[in-house]
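Residue 108 in my numbering sits at position 67 of the sequence shown, and the numbers go up by one each step.
Glycine residues also receive a C-beta, built at the ideal position from the N, C-alpha and C atoms.
Have a look at the structure below before the remarks.
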Amino acid sequence: MKKQQEFSFLTEEKTIVTTPFLLDLLDSALIENIQAGNIQAAYSVMDLSINIAETLEKRSYSTDEGKQILSSVRKAMESGNVATAKQHMIEFALK
Numbered sequence: 042m043k044k045q046q047e048f049s050f051l052t053e054e055k056t057i058v059t060t061p062f063l064l065d066l067l068d069s070a071l072i073e074n075i076q077a078g079n080i081q082a083a084y085s086v087m088d089l090s091i092n093i094a095e096t097l098e099k100r101s102y103s104t105d106e107g108k109q110i111l112s113s114v115r116k117a118m119e120s121g122n123v124a125t126a127k128q129h130m131i132e133f134a135l136k
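Here is the structure:
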């Protein structure tokens with residue numbers, strides 16, 4: 042028998058998630074997906090992280106650099122070179 046998920050709603054409390062916090066969460070999700078071997082999911086998380094990071098004033102890389110990182114990973118994935126794709130993603134997460 043499947044356990045039904047319970048939801049809790051907070052009535053008065055408000056939550057604010059800042060962009061740097063969200064990027065930290067995405068970095069964790071990226072690494073978790075890489076470790077689990079979910080390369081396509083990791084790529085999607087990395088793409089989202091790059092797009093969000095591009096909205097920051099003090100970004101660690103330019104739009105072109107973000108596109109180059111995604112392109113490198115995509116090429117490695119398409120050629121079946123999973124190790125290289127993982128390496129590029131890990132380098133991105135550590136940046």
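Between which two residues does the alpha helix (DSSP H) carrying residue i extend?
i: Gly107; result: 104-119
i: Glu95; result: It is not in any alpha helix (DSSP H) - Glu95 carries neither H nor E in the DSSP assignment.
i: Asn74; result: 60-77
i: Lys136; result: No alpha helix (DSSP H) contains Lys136, which DSSP labels as neither H nor E.
Is the beta carbon of residue i less than 7 Å from the beta carbon of residue j?
i: Ile75; j: Met130; result: yes
i: Leu111; j: Asp88; result: yes
Going by beta carbon distance, what residues of the same chain come within less than 7 Å of residue i, once the five residues before and after it are set aside?
i: Ala126; result: Ile80, Val114, Ala117, Met118
i: Ala82; result: Asn74
Among the residues of its own chain, which have a CB less than 6 Å from the CB of residue i, if the five just before and after it don't count?
i: Ala134; result: Asp68, Leu71, Ile72
Could you check how far apart the C-beta atoms of residue i and residue j are, in whole angstroms? I think they sit under 8 Å.
i: Thr60; j: Leu97; result: 6 Å
i: Glu95; j: Gly107; result: 6 Å
With a threshold of 8 Å on Cβ separation, who are the neighbours of residue i within its own chain once the five nearest residues in sequence on each side are excluded?
i: Val86; result: Leu67, Ala70, Leu71, Asn74
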